[in-house]
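Asks: Before anything else, here's the structure in question.
There are 2 protein chains.
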Amino acid sequence: MSFDGQLPPKMRLLRAAAELLANSAGASVSTRQITQLAGVTAPTLYHHFGDKEGLFDAVVTAGFEEYVAGERDFAPSGQPLEDIRRMWDNHVQFGLNQPELYLVMFGNIRPESRPAIVADAEALMEEMLNKAAVAGQLNVQPREAARSILAANVGVTLMLIAEPAAERNLELSTMTRDAMIFAVSTEQASGTPEDSGKSSVVVAAIALNAALQASHSDQLSSSELKLFLEWLHRISTSSTS
Amino acid sequence: MSFDGQLPPKMRLLRAAAELLANSAGASVSTRQITQLAGVTAPTLYHHFGDKEGLFDAVVTAGFEEYVAGERDFAPSGQPLEDIRRMWDNHVQFGLNQPELYLVMFGNIRPESRPAIVADAEALMEEMLNKAAVAGQLNVQPREAARSILAANVGVTLMLIAEPAAERNLELSTMTRDAMIFAVSTEQASGTPEDSGKSSVVVAAIALNAALQASHSDQLSSSELKLFLEWLHRISTSSTS
DNA sequence: TATCATCTATAGCAACGCTATATGAACTGC
DNA sequence: GCAGTTCATATAGCGTTGCTATAGATGATA
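Line by line, the protein sequences are chains A and B.
The first sequence: position 14 = 14 (the numbering used here), numbered continuously.
The second sequence: position 134 = 134 (the numbering used here), numbered continuously.
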């Protein structure tokens, strides 16, 4: 009834599905509800999206692009670790604003169905962490750091969604966020006992590794660079004893 | 066909549902499948559990009790923080062993439906953290620490479940685990903040160069090292990033 | 034996995801 | 202009789903 006029049926289906999903409070949304709200009959849905899951995937993808756009918008503060904090907060806020969408995206991840979104989110965070690594602020490989931070970020967001909105305590988020960033950064003076073997060699290697991959240095041939990076990797992943 | 004899129908339903859920690989399990496997007709299910969701809740509750039992079993190592690590690992292992059950428990948490399980899991971890707090090893309130650690624990477990089993890297778990524990503990040493300055590519290369020459790294052969250092020199004397 | 509560089975409803088939609209080549 | 082709939507209905109204079977109690 709401999406009658102007828009093409495909868009109307997407919007109807998104709206019903957002207000469904966990209850399942039927294709009949969606098509009725979109002012369309069943085969139209299957013509455009093939599947109910196909439609939901499209909704999720649209939501994810909105999320990514939010992540990219306020990036360049000059302080990479500060940007990571904002990314984290933006992630949490996205989840709290669209809990149902978020639960579909990150709550139901199955190995065979869609690690794609997770991979994209990881890449986004890794990209940012690379800048921190270049600046020598990172303690571990950007990829590992990104995976770790994102995992904690998702966990915190899910926990906050699970709480009644009234008693949501965002301190859980900031505390976990700072704990993760702190643990991954070189800001900490000298780490835990078992961690203390991580000398400046490793930090420097990580930084150089990230820098080399980012800027295509023309000082080395591509074959040289490949070997060089391999050695760097060996060094930077070795001394975790 | 499998759960014919001896057991009462209620148990047979529980086991059939658990088994089908465990092997469902994300696909939905129908009440007809369950009742057929249990050797029972539909109304029996609704007599005992009221609902399909009621049955699933019962399965989850049983699974959760198994999880809690696992958490409580190996507790008293004397070192509370070490016990926390084992709790974390046990949590992850439970999720990887029973991914479908875990996803129902922690992946679909909605505010109105069931923060009960989360609250129990939090209480379990808080109880353990209390011992650490008593021993002066804690940096924050046990409750806040428990919530934070559990959130990260859930996030990591979900991420690992989302990955194909072949390429699951448990380092993500140990790394995040230690990062969280480290952040809430008082173990962090006061350190040597002399080198906290921001380093560019060049600085990183120089630092690595120096460090490599100082510490005879055994990660590279001597000839490799020579070539490596030469390249490093080329890079570090060339560009200003 | 009669009574009563507990448990299970027969049969079937409304709603679900989805599709075989047909109709209309819009563009193509002549 | 107009036949041919393709895309987009509608009609109608199939098989399955979660669930239930009703009634029969069972065991304990009196």
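In this text, a Cβ means the ideal position worked out from N, Cα and C, and glycines have one as well.
#1: In this structure, how does DSSP classify serine 28 of chain B when only helix, strand and coil are distinguished?
#2: Using a Cβ-Cβ cut-off of 8 angstroms, state whether threonine 176 of chain B counts as contacting chain A.
#3: Quick check on DSSP: helix, strand or coil for serine 77 of chain B?
#4: Using 8 angstroms as the limit for Cβ to Cβ distance, is serine 2 of chain B near chain A?
#5: Would the beta-carbon of isoleucine 34 of chain B fall within 8 angstroms of that of alanine 62 of chain B?
#6: So which of B:His91, B:Leu103, B:Arg143 has the shortest CA-CA distance to asparagine 169 of chain A?
#7: Please name the residue or residues paired with leucine 138 of chain B in a DSSP beta bridge.
#8: Output the residue ranges of the alpha helix (DSSP H) runs that lie fully inside the stretch 40–94 of chain B and measure 4 residues or longer, sorted by chain position.
#9: Should histidine 91 of chain A be labelled buried (16 or more other beta-carbon atoms within 10 Å of its own) or exposed?
#10: Measure the CB-CB distance between glycine 155 of chain B and alanine 116 of chain A and report whether it falls below 8 angstroms.
#11: Is the stretch 133–140 of chain A touching the stretch 121–141 of chain B in the sense that three or more CB pairs, one from each, lie closer than 8 angstroms?
#12: Residues of the stretch 117–151 of chain B in Cβ contact with chain A at a cutoff of 8 angstroms, in chain order, please.
#13: In this structure, how does DSSP classify proline 9 of chain B when only helix, strand and coil are distinguished?
#14: Indicate whether the contact test is met: 3 or more Cβ pairs, each with one atom in the stretch 99–111 of chain A and one in the stretch 72–90 of chain A, closer than 8 angstroms.
#15: Using a C-beta to C-beta distance shorter than 9 angstroms, which residues of chain A count as neighbours of valine 184 of chain B?
#16: By Cβ distance, which residues of its chain are closer than 8 angstroms to leucine 172 of chain A, with the 5 residues on each side in sequence left out?
#17: Output, in chain order, the set of chain B residues within a Cβ distance shorter than 7 angstroms of arginine 32 of chain A.
#18: Just the Cα atoms here: how many angstroms apart are alanine 179 of chain A and serine 148 of chain B?
#19: What residue does the alpha helix (DSSP H) around proline 115 of chain B start on, and which one ends it?
#20: Determine, using beta carbons only, whether alanine 162 of chain B and proline 111 of chain A come nearer to each other than 8 angstroms.
#21: Determine, using beta carbons only, whether valine 184 of chain B and valine 118 of chain B come nearer to each other than 8 angstroms.
#22: Report, in whole angstroms, the separation of the C-beta atoms of leucine 14 of chain B and valine 59 of chain B, which I expect to be a contact under 8 angstroms.
#23: At least one CB of chain A closer than 8 angstroms to the CB of glutamate 163 of chain B: is that the case?
#24: Can you tell me the Cα-Cα spacing of glycine 78 of chain A and glutamate 65 of chain B, whole angstroms?
#25: Determine, using beta carbons only, whether methionine 87 of chain B comes closer than 8 angstroms to chain A.
Replies: A quick look at the data gives this:
#1: coil
#2: yes
#3: coil
#4: Bear in mind that a pLDDT of 46 at serine 2 of chain B, under 50, signals an unreliable position, so the model cannot answer this.
#5: no
#6: B:Arg143
#7: B:Ser185
#8: 42–49, 52–73
#9: buried
#10: no
#11: no
#12: Val118, Val140, Glu144, Arg147, Ser148, Leu150, Ala151
#13: helix
#14: no
#15: Met175, Ala179
#16: Val156, Met159, Leu160
#17: Those do not exist, as arginine 32 of chain A stays about 18 angstroms from chain B at its closest Cβ, beyond 7 angstroms.
#18: 9 angstroms
#19: That residue, proline 115 of chain B, is in no alpha helix (DSSP H); it is neither H nor E in DSSP.
#20: yes
#21: no
#22: 6 angstroms
#23: yes
#24: 49 angstroms
#25: no
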